[in-house]
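Just below is one structure, and these are the notes that go with it.
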Amino acid sequence: MDGIKTPHNSGKIYINKILPKLVFPAGLFIIVAALLVFAGWQFDINELKSVIPGRASMKANTAFAFLFSGIALTLISRQEKRIKQVIRLLGSLVAVIGLLTIYQFIFNADLGIDEILFKEVENAVKTVHPGRMAPNTALNFILAGMAFIMLTFKPSYTRYPVISCCISPLQ
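Under this note's numbering, residues 5 to 175 are what the sequence shown spells out, in order.
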């Protein structure tokens, strides 16, 4: 029975052996994508700002949150105390970017964070507030930031909340 894969143990094999090998490359991919978006904003290359032509561009704050998420993802498998503190800081930054954006939507406020680095043209495609990410994106960053923070604690305490935070942005 040891060599037979059953529905009961196949999930463990996937999570324990395959998934950890994908985390680091996924983090690198996210970092590169965020840096390409920054290059698109810096050099005004619309193809780098927007994945699909004619669609809304990725905002600079979104790229920052992705950059911080990518870095945290590349570090997540390391167990050193300092690395866990860095991941908590990065997760906090991701969540704060999302929280500040949601605050702006709820209270119709402008905190000035949307266009700190790059100014977006007034008639930008599918953009209500120039430079501001969509509210669903902001909510997803809040959840992702919380997940990064919780992943630095003992797994027995955070297993199910982290899974729910990671799955929620996919819905």
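Idealized CB from N, CA, C, for every residue including glycine.
Worksheet item: Between residue 21 and residue 27, what straight-line distance do the alpha-carbon atoms span, to the nearest angstrom?
Response: 11 Å
Worksheet entry | Ordered list of beta strand (DSSP E) runs contained in the region 48-114, each at least 3 residues | none
Practice prompt. Look up residue 135 in the DSSP assignment and say whether it is helix, strand or coil.
Written response: coil
Worksheet item: In its own chain, which residues sit with a C-beta less than 8 Å from the C-beta of residue 91, not counting the 5 before and 5 after it?
Response: 76, 79, 80, 152, 153, 155, 156
Worksheet item: Can you find at least 3 beta carbon pairs, one from the region 30-41 and one from the region 101-116, that sit closer than 8 Å?
Response: no
Fill in: Simplified DSSP assignment, three categories, for residue 21
helix
Worksheet item: Taking DSSP as the reference, what is the three-state secondary structure of residue 156?
Response: coil
Worksheet item: Under the rule that 16 or more other beta-carbon atoms within 10 Å means buried, what is residue 158, buried or exposed?
Response: exposed
Worksheet entry | Through-space distance from residue 93 to residue 102, alpha-carbon basis | 14 Å
Worksheet entry | Residue from 46, 54, 69, 136 with nearest C-alpha to residue 113 | 136
Worksheet entry | Where residue 116 sits in the DSSP three-state scheme | coil
Worksheet item: In whole angstroms, what separates the C-alpha of residue 145 from that of residue 70?
Response: 9 Å
Practice prompt. Quick one: using the 10 Å Cβ neighbour count with 16 as the cut-off for buried, is residue 65 buried or exposed?
Written response: buried
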